[in-house]
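Chemist:
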Amino acid sequence: MSRTGGGARGPGEIVNVGREQVHVVESGPPDGPPLLLSSGLGGAWFDWEPSAELLREGYRVIVYDRPGLGLSPAAAAPPSLRRDTALMGALAERAGRPVTVLAHSMAAFAAEALARTRHGLVRGLVLLDPSYEGDAWVPVRLAAALAPLAAAAGAVLGATRLARVAGPRGRRMVLRRTSLREDAVPEEVVRSVYGRGTVLGTVLAEELAYREMAADLAGLRERRPFPPVPLAVVTALGDVDGDDRKRAWAEAHERLAAMSPRGRRIELPDALHMVPLDRPDAVADAVAGLHRTEGAA
1 MSRTGGGARG PGEIVNVGRE QVHVVESGPP DGPPLLLSSG LGGAWFDWEP SAELLREGYR
61 VIVYDRPGLG LSPAAAAPPS LRRDTALMGA LAERAGRPVT VLAHSMAAFA AEALARTRHG
121 LVRGLVLLDP SYEGDAWVPV RLAAALAPLA AAAGAVLGAT RLARVAGPRG RRMVLRRTSL
181 REDAVPEEVV RSVYGRGTVL GTVLAEELAY REMAADLAGL RERRPFPPVP LAVVTALGDV
241 DGDDRKRAWA EAHERLAAMS PRGRRIELPD ALHMVPLDRP DAVADAVAGL HRTEGAA
């Protein structure tokens with residue numbers, strides 16, 4: 001392992017996970033119940049900082065950047081459900097005991113896959129406005145083949161310094177649609193991440209892989225049952241347009257919550273998609289409720 005000055009509250013670590021290297025930031029008591037936090041598509045560790053601020057008082061909080069994102073080095077393998085689940089599983093093993101996984105948006109794919117394939121590593125799941133695809137079939141798989149082109153595009157942006165302008169600006173545009181607040185870290189930290197061509201190329205690669213990951217998860221659901229672990233699904237409806245779409249999104253999350261007999265759904269009518277950033281109170285409440293459910297079982 002090596003050290004890097006990437007943490008919003010201090011240095012993180014670069015951890016070797018198989019062929020990959022990932023940036024990990026830990027806080028809270030080392031002997032506390034471990035929480036493993038994973039960001040949505042293109043996210044960084046600091047998406048979780050407001051939530052981690054509340055959680056680290058009683059839990060060991062482990063936040064990581066997927067390969068090529070945040071301060072993690074470039075990926076050795078392209079994004080896929082298999083790769084991301086293996087990464088999450090290796091970091092859960094590293095924690096030394098079963099973890100509660102907190103997964104935002106697309107990261108919920110790997111979190112659910114981990115619970116289905118290696119449930120001994122999972123104490124419970126909190127899925128924060130998780131991605132859901134009812135029709136996840138893909139006719140042609142191109143994500144792996146196109147990943148080198150995404151990496152090349154990122155390299156060009158980095159070499160021409162366009163990344164320093166386009167990346168932070170793109171981040172701000174995304175937050176305007178999905179958050180009620182600005183980033184929880186200084187602007188120079190945001191620039192140090194989203195000004196990297198590697199990060200922009202990885203964001204594009206994750207976009208390309210999204211549908212294939214959803215399809216792979218749909219296939220896994222047919223083969224492997226979901227374990228009876230505590231499960232909380234948090235639904236944000238503040239940026240969902242129209243009553244019909246709100247109802248459909250809530251129903252999709254009800255189906256996710258119903259995967260476990262110990263599942264429940266928590267609705268946040270006015271919250272936007274970036275729940276870990278905007279609603280740390282709801283995140284902390286969901287974790288506390290999950291552990292109460294576990295204790296009552």
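For the sequence shown, UniProt numbering assigns the number 1 to the initial residue and increments by one for each residue that follows.
Positions of the beta carbon are idealized from the N, C-alpha and C atoms, including for glycine.
What you are looking at is a predicted structure, and each value in this text was computed from that prediction instead of being measured.
1) Using a 10 Å radius around the Cβ and a threshold of 16 neighbouring Cβ atoms, would you call Ala-76 buried or exposed?
2) Go to Ser-192, then tell me how far its alpha helix (DSSP H) extends in each direction, as first and last residue.
3) I'd like to know whether the C-beta atoms of Pro-34 and Arg-118 end up nearer to each other than 8 Å.
4) Going by the CB atoms, is the gap between Val-15 and Ile-62 shorter than 8 Å?
5) Do Arg-265 and Thr-235 have their beta-carbon atoms positioned less than 8 Å apart in this structure?
6) Pick helix, strand or coil for Tyr-64, following the three-state DSSP scheme.
7) Along the chain, where does the beta strand (DSSP E) that runs through Arg-224 open and close?
8) Restricting to runs no shorter than 3 residues, where is the beta strand (DSSP E) found entirely within the segment 37-110?
9) Give every residue of the same chain whose Cβ lies closer than 6 Å to the Cβ of Met-1, excluding the five residues on either side of it in the sequence, and list them in chain order.
10) Indicate whether Ala-209 and Ala-143 have their beta-carbon atoms separated by less than 8 Å.
11) Here's a check: name, in chain order, each residue in its chain whose Cβ is nearer than 7 Å to the Cβ of Gly-42, leaving out the five neighbours to either side.
12) Is DSSP giving Val-140 helix, strand or coil here?
Modeler: A quick look at the data gives this:
1) Taking the sequence shown and counting its residues from 1, the one referred to as residue 76 is at position 76. Exposed: under 16 other Cβ atoms inside 10 Å.
2) Translated into the one-based positions of the sequence shown, residue 192 becomes position 192. 187-194 is the extent of the alpha helix (DSSP H) around Ser-192.
3) Looking up residue 34 in the sequence shown gives position 34. Looking up residue 118 in the sequence shown gives position 118. No, the Cβ-Cβ distance between Pro-34 and Arg-118 is not below 8 Å.
4) As a working note, residue 62 is residue 62 in the sequence shown. As a working note, residue 15 is residue 15 in the sequence shown. Not closer than 8 Å, so no.
5) As a working mapping, residue 235 is identified with position 235 in the sequence shown. As a working mapping, residue 265 is identified with position 265 in the sequence shown. The answer is yes: Cβ separation under 8 Å.
6) Numbered from its first residue, the sequence shown carries residue 64 at position 64. DSSP places Tyr-64 in strand when its eight states are reduced to three.
7) One-based indexing of the sequence shown puts residue 224 at position 224. Element bounds for Arg-224: n/a, residue is neither H nor E.
8) 60-65 and 99-104
9) As a first step, residue 1 must be located in the sequence shown, where it is residue number 1. In this prediction, Met-1 scores a pLDDT of 42, lower than 50, which makes its location untrustworthy; no coordinate-derived value is stated.
10) Here residue 209 refers to the residue found at position 209 of the sequence shown. Here residue 143 refers to the residue found at position 143 of the sequence shown. Cβ atoms of Ala-209 and Ala-143: closer than 8 Å.
11) By 1-based counting over the sequence shown, the position of residue 42 is 42. Closer than 7 Å at Cβ, skipping near neighbours: Leu-69, Val-203 and Glu-206.
12) As a position in the sequence shown, residue 140 is number 140, starting the count at 1. Of the three classes helix, strand and coil, the one that applies to Val-140 here is coil, per DSSP.
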